[in-house]
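In this note's numbering, the protein residues as written are 127 to 395. In this text, a Cβ means the ideal position worked out from N, Cα and C, and glycines have one as well. For reference, the structure is listed below as structure tokens.
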Amino acid sequence: MSTFAIGDLQGCLSPFEALLDTIGFNPDRDQLLLAGDLVNRGPDSLGTLRRVYELRDNVRVVLGNHDLHLLALAHGHARPKSKDTLAPILDAADRDTLLGWLRGQPLLVEVPEFDAVMAHAGLPPLWTLEQARQRAAEIAGVLADPQSADIFFSQMYGNDPAGWRDDLTGPTRWRVITNYFTRMRFVDRQGDLDLTTKGEADQPPAGFVPWFEHPDRLDTGCRVLFGHWAALEGRSGVAGVEALDTGCVWGGCLTALRLDDDARFRCDC
127 MSTFAIGDLQ
137 GCLSPFEALL
147 DTIGFNPDRD
157 QLLLAGDLVN
167 RGPDSLGTLR
177 RVYELRDNVR
187 VVLGNHDLHL
197 LALAHGHARP
207 KSKDTLAPIL
217 DAADRDTLLG
227 WLRGQPLLVE
237 VPEFDAVMAH
247 AGLPPLWTLE
257 QARQRAAEIA
267 GVLADPQSAD
277 IFFSQMYGND
287 PAGWRDDLTG
297 PTRWRVITNY
307 FTRMRFVDRQ
317 GDLDLTTKGE
327 ADQPPAGFVP
337 WFEHPDRLDT
347 GCRVLFGHWA
357 ALEGRSGVAG
367 VEALDTGCVW
377 GGCLTALRLD
387 DDARFRCDC
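Listed below in structure tokens is the structure:
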């Protein structure tokens, strides 16, 4: 049995199928860890979501910002963006099955057999693993309740507050937790987020650093698997921090990391 961690699919079904062939994926023995952003921007978001759903017994998924955008659209709390490729999902006969499954996925997955954790954008540098675990579970509980989920999606969008405060409550607290797990790239010394800069890690805004280079980043004792940041091209430069998004939807490639031996496999988009 092998376990493969795979970066952002973003609706790129053909490269996903090609990557499964390249790694010799066998559903009778292998497991997949998908780093979120299953859908959007790519040519076949519906087919990709259906394929992942078919493989659900072999897959562990974390939610990414594009997955949450899809759910917000479905709840009527967002407007389609010009580059969205989500309409076929929203119009599909099996949309309720697919979206119900997606809404049940977490923000954080722990992989104790490999001393690893996975979150779409990474692990906030000033949070302990227990704090991250509790805050991710809090959002999972919100999404599990239809009424709370509707409130969540109605107030999910926004960059404020910029960072964590212990006195945050309600939808504001939920938004900050979600921003850390699904949108984080650059943070300042206090751990506050810059959510407008999307470029190279070596070109941070003044006073900010990539989250994995924070000088006071807490040692959680585990490897961190994440996607979201295609500009990294699969390289964080920090031991134990595994970048998986290699920009398939932007013409790059789709990457799988075999956790059993750290071998990397890639298929061009």
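- Can you pull the DSSP bridge partners for Gln157? DSSP links Gln157 through a beta bridge to Thr129.
- What are the boundary residues of the alpha helix (DSSP H) that Glu236 is part of? No alpha helix (DSSP H) contains Glu236, which is instead part of the beta strand (DSSP E) from Val235 to Val237.
- Message: On the CB-based measure, 16 or more other CB atoms within 10 Å of its CB, does Thr346 come out buried or exposed?
- Response: Buried, by the Cβ-count rule.
- Task: Assuming Gly133 and Asp371 form a contact by the criterion Cβ under 8 Å, report the distance between their Cβ atoms to the nearest whole angstrom.
- Result: Between Asp371 and Gly133 the Cβ distance is about 4 Å, and since that is below 8 Å, they are a contact.
- Through-space distance from Leu380 to Pro250, alpha-carbon basis: A direct Cα-to-Cα measurement between Pro250 and Leu380 gives close to 25 Å.
- Query: Any idea if Ser362 is buried or exposed, counting beta-carbon neighbours within 10 angstroms, 16 or more meaning buried?
  - Reply: Its Cβ being crowded by 16 or more others within 10 Å, Ser362 is buried.
- Task: Tell whether a beta-carbon distance below 9 Å holds between Pro336 and Arg311.
- Result: Contact flag set, yes.
- Query: Straight-line CA distance for Pro287 to Ala266?
  - Reply: Going by the C-alpha atoms only, they are around 21 Å apart.
- When DSSP builds the beta bridges, which residues end up paired with Pro336? As computed with DSSP, Pro336 is found in a beta bridge with Phe312.
- Within 10 angstroms of the Cβ of Ser171, are there 16 or more other Cβ atoms? Answer buried if so, exposed if not. The residue is buried, with at least 16 neighbouring Cβ atoms inside 10 Å.
- Residues of its chain near Val188, where Cβ-Cβ distance is below 7 Å and the 5 sequence neighbours each way are ignored: Its chain contains Ala161, Gly162, Gln231, Pro232, Leu233, Leu234, Val235, Met244, Ala245 and His246 as the residues whose beta carbon lies nearer than 7 Å to that of Val188, once the 5 sequence neighbours on both sides are disregarded; these appear in chain order.
- Message: Counting beta carbon pairs with one atom in the segment 340-355 and one in the segment 213-232, are three or more of them shorter than 8 Å?
- Response: Taking a contact to require three or more Cβ pairs closer than 8 Å, the segment 213-232 and the segment 340-355 do not qualify as touching.
- Query: What residue from Gly226, Ala200, Pro331 and Ile303 has the CA that sits closest to Ser280's CA?
  - Reply: Taking only the C-alpha atoms, the option nearest Ser280 is Ala200.
- Message: My assumption, with CB atoms under 8 Å, is that Leu139 sits in contact with Arg177. Please give the rounded CB distance.
- Response: Contact holds; Cβ gap of about 6 Å.
- When the Cα atoms are used, what is the spatial distance from Asn184 to Asn285? In a straight line, the C-alpha of Asn184 is about 35 Å away from that of Asn285.
- Query: Is Val302 helix, strand or coil when you go by DSSP?
  - Reply: The answer is helix: DSSP assigns Val302 an H, G or I state.
- Message: Determine whether the beta carbon atoms of Phe338 and Val364 lie at a separation below 9 Å.
- Response: In contact: Phe338 and Val364 (Cβ atoms closer than 9 Å).
- With a 10 Å radius around its C-beta and 16 neighbouring C-beta atoms as the bar for buried, classify Glu256 as buried or exposed. Here Glu256 is exposed, its C-beta having fewer than 16 other C-beta atoms within 10 Å.
- Task: Would you list the residues sitting across from Cys379 in a DSSP beta bridge?
- Result: For Cys379, which the question treats as bridged, DSSP gives the partners Gly373 and Asp394.
- Task: Going by DSSP, name the residue or residues bridged to Glu368.
- Result: Partner(s): Leu351.
- Query: Does the distance from the CB of His192 to the CB of Met282 come in under 9 Å?
  - Reply: One thing to note: His192 has its Cβ no nearer than 9 Å to the Cβ of Met282.
- Item | Proximity below 9 Å, CB of Thr129 to CB of Leu158 | In this structure, Leu158 lies closer than 9 Å to Thr129 by Cβ.
- Val268: first and last residue of the uninterrupted alpha helix (DSSP H) it sits in: Unbroken alpha helix (DSSP H) run through Val268: Leu255 to Ala270.
- Task: Using alpha carbons as the reference points, say which of Thr304, Ala263 and Gln260 lies closest to Phe278.
- Result: Of the listed residues, the one whose Cα sits closest to Phe278 is Thr304.
- Query: So the alpha helix (DSSP H) Val178 belongs to, where does it begin and stop?
  - Reply: First-last of the alpha helix (DSSP H) with Val178: Ser171 to Glu180.
- Query: By a C-beta neighbour count over all protein chains shown, 10 Å radius and 16 as the cutoff for buried, is Glu326 buried or exposed?
  - Reply: Glu326 is exposed by the Cβ-count criterion.
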